[in-house]
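Worksheet for the structure shown next.
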Amino acid sequence: MTAIVSIHNATKDYRLGKVVVPALRGVSLEVAQGEFLSIAGPSGSGKTTLLNLIGCVDTPTTGTVEVAGRNTAKLSERELTKLRLNTIGFIFQSFNLVGVLDVFRNIELPLLLQRALSGPEREKRVFELLDRVGLRDHARHRPNELSGGQRQRVAIARALVTRPSLVLADEPTANLDSVTGQNILDLMKELNRTEKTTFIFSTHDARVMAHASALIRLADGKLAERGELGPTTGEAAEHAAPSSAGAAP
Amino acid sequence: MSGYWETFLVVVQIALRNLFASRYKTLIVGGIIAFGAFLVVMGTSLLDSVDRAMSGSIIGSVAGNIQVYSSQSKEDLDVMGGFAFDANDIEPLPDFARVRKVLMTIPNVKQVVPMGINGSMVLSGNTVDLALAKLRQSVTARGQGEQGATANAAYGAEKDHVRQIVSVLRGDIENVRKLNDQRALENVDLASVSRAASPEFWGKFDQDPLDSLEFLENKVAPLATDADMMFLRYVGTDPKVFAQSFDRMSIVEGEAIPEGKRGFLFSKYMYEEQVKLKTARGLDKIHEALTVRHVTIAKDQELQRLVREASTQVKELLLQLDGPRTDLFRQKLQAVLGSQETDVGKLLGQFLNTTDENFEQRYAYFYKELAPSLELYRIRVGDTLTIKAFTRSGYVQSANLKVYGTFAFKGLEKSPQAGSLNVMDIVSFRELYGFMTDERAQEIAGIRQASGAKEVSRENAEAELFGAAEAKDAANTAAATVDDLSTELAGLGGTHRRDQDKGYDPAQLEQGVILNAAVLLNDEKQLDQTVADIEAAGKREGLPLKAITWQKAAGLIGQFATLMRVVLFTAVLIIFAVALVIINNALVMATLERVREIGTLRAVGAQRRFILAMLVLESVVVGLVFGASGAALGAILITVLHHVGIAAFNDVATFFFSGPRLYPLLATHNLLLALGIVLFVSVVSSIYPAWIAMRISPREAMQSEE
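Here the protein sequences line up with chains W and A, keeping their order. Position one of the first sequence corresponds to residue 98 (this note's numbering), numbered consecutively onward. Position one of the second sequence corresponds to residue 619 (this note's numbering), numbered consecutively onward.
Pasting the structure below:
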């Protein structure tokens, strides 16, 4: 089992004026290919910082973060951007679709940035994903014509359109009602199962955590626990043993 | 390859949609840009057209492409005269033939026109003098025994006219006495006029007419001299070459100065402005304003002033009326005005106090009924003009020149600038300017011989002058002592003797002194090169030649276009500086509003240059779209104006427009210039916002909306 993400004793400090705020205080973590990992923890515990490091939008102050076998600290800004484009998909809490582009273009955007596929190939890929997220009829709609759930499904399609090996989701259901949130989670899990895409998502919703195959809990910038969960045993998370080793789903 | 294109299209799409999303901001920014581009296209096209037209006016009227004069001159040459009345202090070039020969070796030189520009006061016999001269003729004729009914009647009429003039003058002086401090007036003048107006004076006139005439000529006539002085600027030249070189010149009245003849041509503009009866000139001006400019007397202050002047200043007109004509005018004016007034002066005042309703009718009446009985011009074509000018050494020199006609430059008939110079032959000019001509040298030699004066060196002059008791005539002695002095004095004495119709050898046009010369070119584009060539040729041949372009030669007027260009570009600069700040602000605001979107794009995998392209493109699209529409609007307007023309709003504009209407031409390089500026401003104004945008971290995408 290869690790898609491996973090060794990573710290991250932020500077607020003259004050140095430690956001992560030494985290080590291995995430295996195909995991459906939930990062839990209260606000300010370092969830978003950890996701930033994994998502290559930030680099650690000390320690190493390896994504797809590459040490992010040693990559240039351009290479990091390239890594994000080709390896990672992002799903945001507020969906973050480009408002002036329609659904089809929003999903196509990463492919256009990649410049790897021809027009017809891109179209085929986008429509495949539109089918998967059930929005084929909405291809020409603007984001503001869609409901929250529909927007997040567009965002998921966008995250997956480049066939990334890793999808990061930052509180993907926080802005959705519980039924819609459930549907989104079901969709993500299904994609995880069929495409073998690794999902890492942050949440502080216990019901969301219950869907994860593995769970880590952060507190004060440190890894508080890591537990393996069965596909359906939500409560198990509460009693999982701390671990730093990757586990099979 | 296609990948780049597709990506670019998405950038365009995002840019356009963003612009549309913030369309009000886009419209405001675009409006400013469009206005700026419009101004650039309009302004530069108009200025180019004015520049072209004006260069035509200047080159075509007197300056030529290049003016050449002595590099030893103390002042710069200004052929248009600028605002000064006196001519520039230009060092003469002694041998025109040589100058011409040297200049003609330069292949681009087509023609060289000799010139000298100066100005002087000119005395024309005024109405009083003319009337007295006529009377004197009759008196002389009677003295020689000429009698008869017609001669007697004419004599009577002439006496009446002079009496009429005297009474008008007396009325004038008394008016002045009422208005002014009495001490301001010479009592002698009043006494003279009163005597001349008295019945006793005229009762005794026939007893000693010559004595009475002398009194009138010496004591009374000078009181009416205010109207007979005029300042004329003239260019002395080879009339034939001048007319050939400046082919816009055409004779309006009379004929060109014949070859080998001394003579004077009035510029039609000056002739109308200075020589025409002021009342008639005033009426012409009002007529033109009403018919050409379509203004009204009721609304135009300038016209109101002209009407006021015409109706109050009727003296010049009254002086022309002798007894029978006074009666005729009284009769006609009473009829046309339906008035019982008997004072012709008051009737004229009433007649000339015109309004918008009656002007055209009275204007027509004036020319049809009154003008035939009047001398409309103080100097007529064919008359002899006495020009008195100060020579360079300060003596007064005079020449009698026949007025052969009037001329105008086509399209510039109404321009005071093109019409400010009258033309005379350069041989007469040299005399007036105080240069020795062959003819004068011979004449002086003749005087010397006749008076027995001997050549005296400068050192001995004093001893000769004061020691030689036999010297009969101090003037002649002095004439013999110093060469240049002799020229002046001989001139003073010689004027009356010389026959003004006496010609000169055409070769003299070539051989002799000039002040400057106009050079016409084969290829006008090689202007600067030819200027350099001329100065180089001068150096090589040992001639102190200075060459200046028409623009410089025209002085301030030549700089006008340059000045306007500075004003225009300052305005354009300000507009685009404002546009730059506004666009910059708008883009910074837009960027800050779009931090999350830009962060998301970055997180999803867009490189910084994608963001840069997106923002610059937005600004460039706004710049190009609105800049192009502004420029197009300007282009359309110029094209329309090219067909319709812009009317010259006044006489000065005629010169700048090189005719009554300017037909501006759209210059394509002005379009490119406008778009270039707009593009530059767009790109520059998006640099700072783009820099901000590029520094937006992809982390911003992760920040949750609070």
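All residues carry an ideal CB built from backbone N, CA and C; glycine is no exception.
- prompt: Looking at the structure shown, is G821 of chain A part of a helix, part of a strand, or coil, going by DSSP?
  reply: helix
- prompt: Would the beta-carbon of V251 of chain W fall within 9 Å of that of L194 of chain W?
  reply: Yes, Cβ-Cβ distance for V251 of chain W and L194 of chain W is below 9 Å.
message: Quick check on the DSSP output: what are the complete alpha helix (DSSP H) runs of length 4 or more inside the region 631-710 of chain A, in order along the chain?
response: Runs found: 641-676.
message: Let me see if you follow: with CB-CB separation under 9 Å, is A671 of chain A close to chain W or not?
response: no
Cross-chain neighbours of N1202 of chain A in chain W, by beta carbon under 8 Å: Taking a Cβ-Cβ threshold of 8 Å, none of the residues of chain W is close to N1202 of chain A; the smallest such distance is about 22 Å.
Cross-chain neighbours of D228 of chain W in chain A, by beta carbon under 9 Å: Chain A residues near D228 of chain W: none, gap ~22 Å exceeds 9 Å.
- request: For N106 of chain W, decide whether its Cβ has a neighbour in chain A, counting only Cβ atoms nearer than 9 Å.
  value: no
- request: Check distances from the C-beta atoms of the region 1307-1320 of chain A to those of chain W and list, in chain order, the residues that come in under 8 Å.
  value: S1315, P1316, R1317, A1319 and M1320
message: Tell me the residue span of the beta strand (DSSP E) that contains K1020 of chain A.
response: V1014 to F1027
- prompt: Could one say the Cβ of K179 of chain W lies closer than 9 Å to chain A's Cβ atoms, at least one of them?
  reply: Yes, K179 of chain W counts as interfacial toward chain A.
query: Hey, is P207 of chain W's beta-carbon within less than 9 Å of any beta-carbon in chain A?
result: With 9 Å as the cut-off, P207 of chain W counts as an interface residue toward chain A.
field: Residue environment, D696 of chain A, which counts as buried when at least 16 other CB atoms sit within 10 Å
entry: buried
task: Measure from the alpha carbon of N1203 of chain A to the alpha carbon of each residue in A:E906, A:K964, A:K643 and A:A1125, then state which is nearest.
output: A:K643
field: Separation of A907 of chain A from M888 of chain A, as counted between CA atoms
entry: Those two C-alpha atoms are separated by around 19 Å.
task: Flag L1255 of chain A as yes if its beta-carbon sits less than 9 Å from any beta-carbon of chain W, otherwise no.
output: no
message: For a contact defined as C-beta to C-beta under 7 Å, what are the partners of R1214 of chain A on chain W?
response: Using a Cβ-Cβ cut-off of 7 Å, R1214 of chain A is close to N193 of chain W, given in chain order.
field: K1032 of chain A beta carbon less than 9 Å from that of P1278 of chain A
entry: yes
- request: Identify the contact partners of D267 of chain W in chain A, using a Cβ-Cβ distance below 7 Å as the criterion.
  value: M1320
- prompt: With a cut-off of 9 Å, does the C-beta of A196 of chain W fall near any C-beta of chain A?
  reply: The sequence given here has Gly at residue 196 of chain W, not Ala. So yes, G196 of chain W belongs to the interface.
message: Our contact map puts F1275 of chain A next to A1266 of chain A with C-beta atoms below 8 Å; I'd like the distance itself, whole angstroms only.
response: 5 Å
query: Is the CB of E174 of chain W under 9 Å away from at least one CB in chain A?
result: yes
- prompt: Taking C-beta to C-beta, are S675 of chain A and G1173 of chain A nearer than 9 Å?
  reply: Contact flag unset, no.
- prompt: Using 9 Å as the limit for Cβ to Cβ distance, is T294 of chain W near chain A?
  reply: The beta carbon of T294 of chain W sits no closer than 9 Å to any beta carbon of chain A.
query: With contact counted as at least three CB pairs below 8 Å, one residue from each stretch, are the region 714-730 of chain A and the region 1153-1165 of chain A in contact?
result: Judged by Cβ distances under 8 Å, the region 714-730 of chain A makes contact with the region 1153-1165 of chain A, as three or more pairs qualify.
task: With DSSP as the reference, label I1264 of chain A as helix, strand or coil.
output: strand
field: chain A contact for N149 of chain W (CB, 9 Å cutoff)
entry: yes
Between the CA atoms of K179 of chain W and I1295 of chain A - distance to the nearest angstrom: Taking the straight line joining both Cα atoms gives about 37 Å.
query: The alpha helix (DSSP H) with D940 of chain A in it runs from where to where?
result: Unbroken run through D940 of chain A: none, as it is neither H nor E.
- request: Per DSSP, which residues does I297 of chain W bridge with? Please list them.
  value: I297 of chain W pairs with W:L134 and W:L265.
field: Partners in chain W for T1218 of chain A, counting only beta-carbon separations shorter than 9 Å
entry: F187, F189, N193, L194 and V195
query: Residues of chain C with a CB under 8 Å from the CB of I632 of chain A: which are they?
result: Any reference to chain C falls outside this structure, whose protein chains are W and A.
message: With a threshold of 9 Å between beta-carbons, can Q1225 of chain A be considered close to chain W, or not?
response: yes
field: Extent of the continuous beta strand (DSSP E) to which K986 of chain A belongs
entry: Neither: K986 of chain A is in no beta strand (DSSP E) and is coded neither H nor E.
- prompt: When Cβ atoms are compared, which residues of the region 634-646 of chain A fall closer than 7 Å to chain W?
  reply: R635, N636 and A639
field: Endpoints, alpha helix (DSSP H) assigned at K1170 of chain A
entry: W1168 to A1171
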